[in-house]
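Shown next, in structure tokens, is the structure this report addresses.
Protein chains in written order, with the numbering used here: chain A, 3 to 279; chain B, 11 to 307.
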């Protein structure tokens, strides 16, 4: 009997050691390529700023994260992180609540669907960054506009996704709830809403990436703090030793948010088979 | 000849239902007394589930009237309990919470809280009745198909509906589980003195359970010509004597003979019975035919 191949083909069954190796390989390659390229450039010119050495980045991170800023007396990286997370969290939470309520009602009440779904889809296709100037005019250049950009960029998409889910709930479930004495609003908020909660949280997970995009864009253009602001600020000095760690940090934050939401869904909603992503 | 509609629990007259150009139900006339165990059979696609939804109030007929206790059918409500084949339970609730759904909705939030112990005890009584008290905290997906259907029946029963509507409830179960549930259904029908409306595609099940067997079919002929796009009519309607709840009856020759007869008349596409010769022996049965339909071609 022929064994199943380790790597090639539809039938491949990679053994555990190989799977781990394969998972790590692209990361190791990326780091290796960076280290080699950085080494070569720094040999040419020790003051080169474009590909800083790990030691230089560590030094900068130490300065940004663990020493008080001389001007403000604050830890800049911590301050930037907290400010950005607050904006992102506010925008995304509002978007989730709004998307849930709008999507649920739109998906279940045919009248509301006829009224709002097409309009909602139309609005969701407007690129939020294209209307950013308008948002600046309406909401000013302070906190509100950053939260609003995240909200606008994610809420409509979440609403449409929830509405599609609610629509697909079998008619039988609704009829049955009515025969069990539920009122129409009871069906919506006590029968269907609890069932779409895990789907809402998964929709939020998928929106985490987009919300970082909108937040950083808004911070880059009009802000005096935040992770996006910092990156765009130090870009003027070509401070790759700060930009690269900040990018890695943002990626890490996004990953942690995704992980927490995923774990929360499988803990809180054990009946919902989460597709492991 | 139409009947006195007020005296029947369920009364349908001249009911037509079309989806677009396709006529599904063609002049359904049906009068059902309280306490009857009605089974409805028919070939697949004949509109059994459509008729089911009309009686439930989930859909409206294209023409004709559907009356429940002398009043036009409204929306689905607690007077009519249902058990479906698919989606029997709410996936996000435990077995106990599924059973408690009805009582909680009827009581409202405050009473659900103040009477929670009482309601819980009642639900547990029902669960004990079907031998599932030890599974109360499980989610539906952790139960077998037969257990899910038992919970679904209890979920509907606890509301004490006047009529229990069942749409192929045991269609996906294995034969022995199915037989157990059939007997269980007969037992609760006797105990609760309910009316049952039971849709199935299984002839044996229909004849075994029903005190009245109805067959719905599109395989018949009438005076409207060969190419008329007909919908289904009720073409078989007989009363069955009440038997013991024993499955041994399934082997009796009368039982097999009746099944054979319905199979030929309702399920055989080549066997086109004329509308005036339908087997409608049940005393409550009636037909409202047009003169054109009566014609024999």
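The beta-carbon is built from N, C-alpha and C at its ideal position, and this holds for glycine as well. Computed from a predicted model, the values in this text were never measured in an experiment.
Own chain residues within Cβ distance below 7 Å of residue i, not counting five before or after
i	result
residue 44 of chain A	50, 55
residue 128 of chain B	none
residue 66 of chain A	78, 79, 244
residue 248 of chain A	229, 232, 233
residue 260 of chain B	214, 218
residue 299 of chain B	285
residue 138 of chain A	147, 224
residue 295 of chain B	247
residue 221 of chain B	46, 47, 249, 250, 252
residue 252 of chain A	214, 229
Residue i burial status per 10 Å Cβ neighbour count (16 or more: buried)
i	result
residue 279 of chain A	Because the pLDDT at residue 279 of chain A is just 35, under 50, the model does not fix this residue reliably, and the point stays unresolved.
residue 240 of chain A	exposed
residue 95 of chain B	buried
residue 267 of chain A	buried
residue 99 of chain A	exposed
residue 178 of chain B	buried
residue 113 of chain A	exposed
residue 13 of chain A	exposed
residue 24 of chain B	exposed
residue 3 of chain A	exposed
residue 275 of chain B	buried
residue 112 of chain B	buried
residue 180 of chain B	buried
residue 60 of chain A	exposed
residue 35 of chain B	buried
residue 72 of chain A	exposed
residue 62 of chain A	buried
residue 195 of chain B	buried
CB of residue i within 8 Å of CB of residue j, strictly
i	j	result
residue 130 of chain A	residue 9 of chain A	no
residue 184 of chain A	residue 173 of chain A	no
residue 290 of chain B	residue 237 of chain B	no
residue 227 of chain A	residue 82 of chain A	yes
residue 305 of chain B	residue 233 of chain B	yes
residue 126 of chain A	residue 164 of chain A	no
residue 198 of chain B	residue 167 of chain B	yes
residue 208 of chain B	residue 106 of chain B	no
residue 20 of chain B	residue 78 of chain B	yes
residue 2 of chain A	residue 212 of chain A	What is shown of chain A runs 3 to 279, which leaves residue 2 of chain A out entirely.
residue 285 of chain B	residue 302 of chain B	no
residue 125 of chain B	residue 117 of chain B	yes
residue 168 of chain A	residue 119 of chain A	no
residue 122 of chain B	residue 114 of chain B	yes
residue 97 of chain A	residue 40 of chain A	no
residue 24 of chain A	residue 17 of chain A	no
residue 134 of chain A	residue 206 of chain A	no
Presumed contact (8 Å Cβ cut-off) between residue i and residue j, rounded CB distance
i	j	result
residue 214 of chain A	residue 78 of chain A	In fact, because the Cβ distance is near 19 Å, the residues do not count as touching under 8 Å.
residue 100 of chain B	residue 175 of chain A	7 Å
residue 151 of chain B	residue 273 of chain A	6 Å
residue 93 of chain B	residue 162 of chain B	5 Å
residue 86 of chain B	residue 67 of chain B	5 Å
residue 15 of chain B	residue 98 of chain B	No, residue 15 of chain B and residue 98 of chain B are not in contact; Cβ-Cβ is about 33 Å, not under 8 Å.
residue 39 of chain B	residue 64 of chain B	That belief does not hold up - the Cβ atoms of residue 39 of chain B and residue 64 of chain B are roughly 13 Å apart, past 8 Å.
residue 249 of chain B	residue 293 of chain B	7 Å
residue 91 of chain B	residue 174 of chain B	5 Å
residue 47 of chain B	residue 164 of chain B	With 8 Å as the limit, residue 47 of chain B and residue 164 of chain B do not qualify as a contact, their Cβ atoms being about 19 Å apart.
residue 102 of chain A	residue 187 of chain A	Not quite, the Cβ-Cβ distance comes to about 15 Å (not below 8 Å), so this is no contact.
Option nearest residue i by Cα separation, candidates the options
i	options	result
residue 169 of chain B	B:109, B:224, B:203, B:151	B:109
residue 155 of chain A	A:224, A:193, A:261, A:210	A:210
residue 55 of chain B	B:194, B:210, B:167, B:293	B:210
residue 52 of chain B	B:190, B:226, B:257, B:288	B:226
residue 190 of chain A	A:61, A:53, A:105	A:105
residue 45 of chain B	B:287, B:275, B:203	B:203
residue 159 of chain A	A:76, A:53, A:121, A:187	A:121
residue 76 of chain B	B:27, B:266, B:214	B:27
residue 102 of chain B	A:259, A:171, A:28	A:171
residue 244 of chain B	B:257, B:277, B:263	B:277
residue 84 of chain A	A:260, A:255, A:269, A:261	A:255
residue 272 of chain B	B:61, B:231, B:212	B:212
Cβ neighbours of residue i in the same chain (closer than 6 Å, five flanking residues each side left out)
i	result
residue 265 of chain A	none
residue 200 of chain A	267, 271, 274
residue 225 of chain A	231
residue 268 of chain B	217
Closer than 8 Å at the beta carbon, the chain E residues around residue i
i	result
residue 25 of chain A	No chain E is part of this structure, whose protein chains are labelled A and B.
Cutoff 8 Å; reference residue i; Cβ partners in own chain excluding five residues on either side
i	result
residue 31 of chain B	239
residue 171 of chain B	88, 89, 90, 91, 204
residue 141 of chain A	147, 150
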